[in-house]
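The working numbering applies: residue 8 is where the sequence shown begins, and numbers increase by one.
Structure, as C-alpha cells:
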Amino acid sequence: MALALHRLDPRYVWRAISTIAVEDVGIGAPDAVIWATAAQRAGFRKAVGELPLLIALTRRMAGATKSRSAIELAFVTDTGEPEMFRLFGGMTTGQLLDRFAGADPYEAYAALSVLRGIVPKAYRIRPPDQRGVMAAGEMLTDQMAPASARAARAALFHPLDEMSLGFVVAARLPRDDAERHDTMPDSSLIDGYPAETFDQHERLGRQAIGQFARSLSRLSPALASLSPGKAQAAVADAVFVEEGQLLDRWVGGPDFDRLRTEADGYSLTRDTLSAEAGRAVRQLVRSSLVDLHIIRRMVVNEAR
8 MALALHRLDP RYVWRAISTI AVEDVGIGAP DAVIWATAAQ RAGFRKAVGE LPLLIALTRR
68 MAGATKSRSA IELAFVTDTG EPEMFRLFGG MTTGQLLDRF AGADPYEAYA ALSVLRGIVP
128 KAYRIRPPDQ RGVMAAGEML TDQMAPASAR AARAALFHPL DEMSLGFVVA ARLPRDDAER
188 HDTMPDSSLI DGYPAETFDQ HERLGRQAIG QFARSLSRLS PALASLSPGK AQAAVADAVF
248 VEEGQLLDRW VGGPDFDRLR TEADGYSLTR DTLSAEAGRA VRQLVRSSLV DLHIIRRMVV
308 NEAR
C-alpha cells in the first residue's frame, strides 16, 4: 500500500507516514517518530534512499505496539476543555512552562499548544513563543530517556499539527512496564477494508450503518427519540468506539485510561444522547455486532 501511494503521490506519502507515526503508533515506537520526522526533508530521503526508507519505516510501524494516546489527548482537550487555551493565552512564558512541567496532561498539552501557536482557531490570540518552545525542548531532555526525548523534540520542533504536540506530552508521561491490550470484539474485513474503515469512508459502509441504526432504533427508546440522521450518527459513533480501537495495542497508565474514557464518553454523547443513554447504546451495539457484520456483507454482495 505504501509503495502504491508513493507511485501516485511521492510527496504526500511522507506526510501520511509522519501522521501515522505520531497518531497511530506514537509512544509505542518513538524511533518511528524520529525517522518519520527526518523523512520530511528531501535531502535526508535522498541520502538514505527513498524507497528503502519507506519500506523500513512501514515495516517498523506495522510491527510496533500502537498507541493513540497523542490523538486522544489532543481530541479530549480541544473538544472538552477549549476555554483552557484562552486562559493559558494570557499567561507569561514562565507560567506556561510551569504548567507544561506539571503532572496534569491536559494542562501540559494546552500550555505547549499556546507556546507553539497551535491552538483551535477561535483561541489563537498570541503568536508562537520561540523562547518558550526552546525551553520546553530542554526540559524534555532532562525529563525523559534519550530515545524518547529525541522523538519528543522532533515532534515539538517540526510538528505536523496538534497531534504532534499531543505526542510530546504523552511521551513524557510515566507508563506501566507491562504492555496493555484493548479487549474489543473481533473486527473483520469487509470488501478488503477493516470494518471500521469501511463504515467511515465507504458509501456502502454508511448504508450498512444506516440499516443497522434503523434496526437498533426499534430496540432503544433513546435512539427512537432521535431523528433518523442523528440516530445513525449516534450508532456510527458507538460502533467506532467498539471497533475503531481494535488496532490500538497501547501502553499506558491511569492518565491514558482517563483519556480513553473521556474520549469515548464524548463520542457517545455528542449526538445529544445523555451519558446513560450513550452507554446503553454502546452496550446494545456491542451485543449486536454479529448482526452488523451480516448487514455489511449483504450490502456489499447486493452492490456486486
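No residue lacks a Cβ here, since even glycine has one placed at the ideal position from N, Cα and C.
Which parts of the segment 66 to 131 are runs of the beta strand (DSSP E), unbroken and 3 residues or longer, counting only runs that do not cross its ends?
DSSP runs (the beta strand (DSSP E)) wholly in the segment 66 to 131: none.
To which residues of the same chain is E269 closer than 7 Å at the C-beta, ignoring the five residues directly before and after it?
Here the set comprises V83, G87.
Would you mind sorting S232 into buried or exposed? The rule is 16 or more other CB atoms within 10 Å of its CB.
Looking at its Cβ environment, which holds fewer than 16 other Cβ atoms inside 10 Å, S232 is exposed.
Below 8 Å, can you find three or more Cβ-Cβ pairs linking the segment 37 to 50 to the segment 130 to 143?
They do not touch, by the three-pair rule.
Take M146 as the anchor and find which of A36, V175, P235 has the nearest alpha-carbon.
Residue V175 is the option with its Cα nearest to M146.
Can a CB atom of chain B be found closer than 7 Å to the CB of R66?
Of the chains in the structure shown, none is chain B; there is only one protein chain.
Exposed or buried, Q102, counting other C-beta atoms within 10 Å across all chains shown (16 or more means buried)?
Label assigned to Q102: exposed.
Does the beta-carbon of E169 have 16 or more other beta-carbons within 10 angstroms, so that it is buried, or is it exposed?
The residue is buried, with at least 16 neighbouring Cβ atoms inside 10 Å.
Quick one: is Y113 buried, meaning 16 or more other Cβ sit within 10 Å of its Cβ, or exposed?
The residue is buried, with at least 16 neighbouring Cβ atoms inside 10 Å.
S171 and V29 - do their beta-carbons sit closer together than 7 Å?
Contact: yes.
Does the separation of the CB atoms of I302 and F219 fall below 7 Å?
In contact: I302 and F219 (Cβ atoms closer than 7 Å).
Would V306 pass as a contact of A215 if the rule is Cβ separation under 7 Å?
Their beta carbons are under 7 Å apart, which means V306 touches A215 by this criterion.
Please return the same chain residues whose Cβ sits closer than 8 Å to the Cβ of V121, not counting the five positions on each side in sequence.
Hits under 8 Å: F92, F95, G96, M98, L103, R133, D136.
So what does DSSP say about S234, is it helix, strand or coil?
It is coil, neither helix nor strand.
Assuming A39 and R67 make a contact with CB atoms under 8 Å, what is their CB distance in whole Å?
Correct: roughly 5 Å between the Cβ atoms.
Let me confirm a value: G109 is counted as buried when at least 16 other C-beta atoms fall within 10 Å, else exposed. Which label applies?
Per the 10 Å Cβ criterion, exposed.
Hey, G35 and T65 are a contact pair by Cβ (cut 8 Å); roughly how many whole angstroms apart?
Actually they do not touch by this definition, with Cβ atoms about 15 Å apart.
Could you tell me the distance, in whole angstroms, from the CA atom of A282 to the CA atom of V32?
Cα to Cα, A282 sits roughly 30 Å from V32.
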